[in-house]
Every structure is written in C-alpha cells, then in structure tokens.
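Student: Residue numbers (my numbering): 562 to 848. Structure below; questions to follow.
This is the structure in structure tokens:
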C-alpha cells in the first residue's frame, strides 16, 4: 500500500523524544524542579545524618587529597586514552571482518561462517578479565623468542579480542536490518554478491549501527581499567597507589570523576545521534 499516508500523527511519533529531552511547559518545569529538589534533598539528609557519615566523609571526601591525586591520575589517564584509541580502531576493522564472514551466503562460505560463530561464542562467553589474565601472564610465561612481554600490548590484544566479538554482532544486526530488496536491486544491476555487500549493504548497515557502536565504546573506555590487573599503571592502578599512600579512599572518587568526564559527553553524543535519526525517520514517514 505505497503512497498511503501514515495514520500516526508526527507529533505522536515524536512524543518519546519529548519525554527524553524534557520539553515541558513552564508549570510542568517548576513541578519537575521542585520534585527533584525534594527527592535529592531527602536523600542528602538521610546520608549526612547517618551515624557513620563523619567517618565516610573523612575517608572518601577529602578535598586536599582529591586535588593532590588529580595530577597523577590525569597523567595515568593518557595510558587509558592511548589504549582506547588503538583498541577502538582495531576493533572496528576486525569486528567488521567477522560480521562479513558470518553474513556470507552459500555452502561454499560455510567454513568462514563457522569460524566467525565459534570465535564470537568463545570471546563473548569468557569474562574479559580472564582473557586479560590468560594473555597477560600466559604469553610471557611461554618465553617465546621474538615475542614481547609488554603487559600493555597483551592487555590491548585481550581487549580487542573480547570487544570484537560484541561489536561484530552489532555490525551483523545492521547488515540483517538492510532489506533484501537492496541487495536484489544491486544484483539486477550486474553486481556480484560481494560487490553488493561492499557497495550497497555495508554502507547502509554501518550508518544504522553508529549509535549502538558508540554505546559499546563507552563500555570499552571503562574496560581499559582492567589492564591494571596485569601491571599496567593506568588510572585505576594509579588510584590504588594514591589511596595506599594516603591511607584514604578519596583517590578512588577522583578517578571516578575522571571517568565520568569521559563517558558522560559520549553518552550525550549518542543521545543526540539517536534523536537526529528519529527525526529523520519521522520526516520520511510524514512525506
């Protein structure tokens, strides 16, 4: 029934976006503000009047120790950022290869599909920290000639192996979301299966999965802290060192603050992309 106008009004299609962004009338905005102040005020009152609050305040909320630990943590953050950027680049490439392997049609490509499925099942099933331990301690333990024992390198390899399995499934969902008629149209123009996949299906699939990919990379940014367990001095390990030196837990709070500074802007950027994509779909339906 092409050409029939959508029965759902555009303003109703956008109601989810309104709830997300909080487009409120002045009276509703005042109500929301008052309710927020009351809820957080009650929570704050309960916390600061708890019997153990003075001890917790001293152990976790020391302003002097917070400011003293920040320079060391920010310097260690460079390791996390370096690890994140390298891993993200490798994951995007490797996981796309895995997704394409799993999406290849026909019995000829069955071994490639099988290898991709086995890989994804294994590395999605094993906890990340175990893979990091196995590579970070196991490979150096073999004492192979010409193979590095650098903990940073093996932590990076472990993260790439694990996260590629997750991101490959995101890519595959995007590939399967492209309507089969797109590939059929490409084949009718004389393109082979691989050419249709490369020039028609993949560009559309990648565009569809950008928001979920960015969500995964928010999690990846946090998982870079796991390499501290094999000796890499990054933010989390520096937190432990500073907390041990000061006999105070405030450095952990400072580290959490740094991670929030990284992840919250990424989360808001993902929200913006999702809202933009929703508006584009609404505009298409309204035509």
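All C-beta atoms, glycine included, are put in the ideal place defined by N, C-alpha and C.
(1) Whole angstroms are fine: how far does the CA of residue 620 sit from the CA of residue 814?
(2) Answer with buried or exposed for residue 582, where buried requires no fewer than 16 other C-beta atoms within 10 angstroms of its C-beta.
(3) Which residues bound the alpha helix (DSSP H) around residue 686?
(4) Which residue wins for smallest C-alpha separation from residue 796, given the options 595, 711, 641?
(5) How long is the line joining the alpha carbons of residue 652 and residue 725, rounded to whole angstroms?
(6) Residues in the same chain with beta-carbon distance under 8 Å from residue 777, minus the five sequence neighbours each way, listed in chain order, please.
(7) With C-beta atoms as the reference, is residue 766 less than 8 Å away from residue 736?
(8) Pick from 755, 740, 681: whose alpha carbon is nearest that of residue 655?
(9) Which residues mark the beginning and the end of the alpha helix (DSSP H) in which residue 706 is found?
(10) Please name the residue, chosen from 625, 617, 618, that lies closest to residue 803 on a Cα-to-Cα basis.
(11) If you draw a straight line from the C-alpha of residue 663 to the C-alpha of residue 733, how long is it?
(12) Let me know the secondary structure DSSP gives residue 665 once reduced to three states.
(13) What residue ranges within the region 776-818 form continuous beta strand (DSSP E) runs of no fewer than 3 residues, ordered along the chain?
(14) Any contact of the region 778-787 with the region 596-603, i.e. 3+ C-beta pairs under 8 Å?
(15) What are the start and end residues of the alpha helix (DSSP H) that includes residue 596?
(16) DSSP on residue 641, reduced to helix/strand/coil?
(17) Write down the C-beta distance between residue 825 and residue 634 rounded to the nearest angstrom, noting that I regard them as a contact closer than 8 Å.
(18) Is it the case that the Cβ atoms of residue 857 and residue 793 are separated by a distance below 8 Å?
(19) In whole angstroms, what separates the C-alpha of residue 604 from that of residue 622?
(20) Between residue 713 and the rest of its own chain, which residues show a CB-CB distance below 8 Å, the 5 nearest in sequence each way excluded?
(21) With C-beta atoms as the reference, is residue 722 less than 8 Å away from residue 673?
(22) Are the beta-carbon atoms of residue 770 and residue 747 separated by less than 8 Å?
(23) If you draw a straight line from the C-alpha of residue 660 to the C-alpha of residue 627, how long is it?
(24) Can you name the start and end residues of the alpha helix (DSSP H) that residue 741 belongs to?
Tutor: Here's the rundown:
(1) Mapped onto the chain shown, residue 814 falls at position 253. Mapped onto the chain shown, residue 620 falls at position 59. C-alpha of residue 814 to C-alpha of residue 620: approximately 10 Å in a straight line.
(2) The residue you call residue 582 lines up with position 21 of the chain shown. Low per-residue confidence applies at residue 582: pLDDT is 44, beneath 50, and the placement is therefore not dependable, though the value from the model is reported in the following sentence. It counts as exposed.
(3) As a working mapping, residue 686 is identified with position 125 in the chain shown. Here the alpha helix (DSSP H) through residue 686 covers 671-686.
(4) Position 235 of the chain shown holds residue 796. If we check each option's Cα against that of residue 796, 641 comes out closest.
(5) Residue numbering aside, residue 652 sits at position 91 when the chain shown is read from its first letter. Residue numbering aside, residue 725 sits at position 164 when the chain shown is read from its first letter. The alpha-carbon of residue 652 is positioned some 5 Å away from that of residue 725.
(6) Taking the first residue of the chain shown as 1, we reach residue 777 at position 216. Once the five neighbours on either side are set aside, the close Cβ partners of residue 777 are 724, 727, 728, 731.
(7) In the chain shown, counting from the first residue as 1, residue 766 sits at position 205. In the chain shown, counting from the first residue as 1, residue 736 sits at position 175. Result yes, Cβ atoms of residue 766 and residue 736 sit closer than 8 Å.
(8) Start at 1 with the first residue of the chain shown, and residue 655 comes out as number 94. Looking at the Cα atoms, 681 is the closest of the given residues.
(9) Against the chain shown, residue 706 aligns to sequence position 145. Note, residue 706: premise wrong, no alpha helix (DSSP H); not H, not E.
(10) Residue numbering aside, residue 803 sits at position 242 when the chain shown is read from its first letter. Nearest of 625, 617, 618 to residue 803, Cα basis: 625.
(11) The residue given as residue 663 occupies position 102 in the chain shown. The residue given as residue 733 occupies position 172 in the chain shown. Each residue's CA atom was taken as its position, placing residue 663 and residue 733 some 8 Å apart.
(12) What you label residue 665 is simply residue 104 of the chain shown in a count that begins at 1. Residue state, collapsed to three classes: coil.
(13) none
(14) In short, these stretches do not touch, since the Cβ pair count stays below three.
(15) Position 35 of the chain shown holds residue 596. From DSSP, the alpha helix (DSSP H) with residue 596 extends over 587-609.
(16) On the chain shown, position 80 is the one that residue 641 refers to. Of the three classes helix, strand and coil, the one that applies to residue 641 here is helix, per DSSP.
(17) Sequence index remark: in the chain shown, residue 825 carries index 264 (1-based). Sequence index remark: in the chain shown, residue 634 carries index 73 (1-based). The Cβ separation is near 17 Å, so there is no contact.
(18) This structure cannot settle anything about residue 857, because the visible part of the chain is limited to 562 through 848.
(19) Taking the chain shown and counting its residues from 1, one reaches residue 604 at position 43. Taking the chain shown and counting its residues from 1, one reaches residue 622 at position 61. Cα-Cα distance, rounded: 17 Å.
(20) Taking the first residue of the chain shown as position 1, residue 713 is located at position 152. Excluding positions up to five away in sequence, the list reads 640, 644, 788, 793.
(21) Taking the first residue of the chain shown as 1, we reach residue 722 at position 161. Taking the first residue of the chain shown as 1, we reach residue 673 at position 112. No, they are not a contact pair.
(22) As a first step, residue 770 must be located in the chain shown, where it is residue number 209. As a first step, residue 747 must be located in the chain shown, where it is residue number 186. Against a cut-off of 8 Å, the Cβ pair of residue 747 and residue 770 comes out as no contact.
(23) Residue numbering aside, residue 660 sits at position 99 when the chain shown is read from its first letter. Residue numbering aside, residue 627 sits at position 66 when the chain shown is read from its first letter. Each residue's Cα considered, the two are about 44 Å apart.
(24) Counting from one through the chain shown, the residue named residue 741 turns up at place 180. Taken as a continuous stretch (DSSP letters only), the alpha helix (DSSP H) holding residue 741 covers 741-749.
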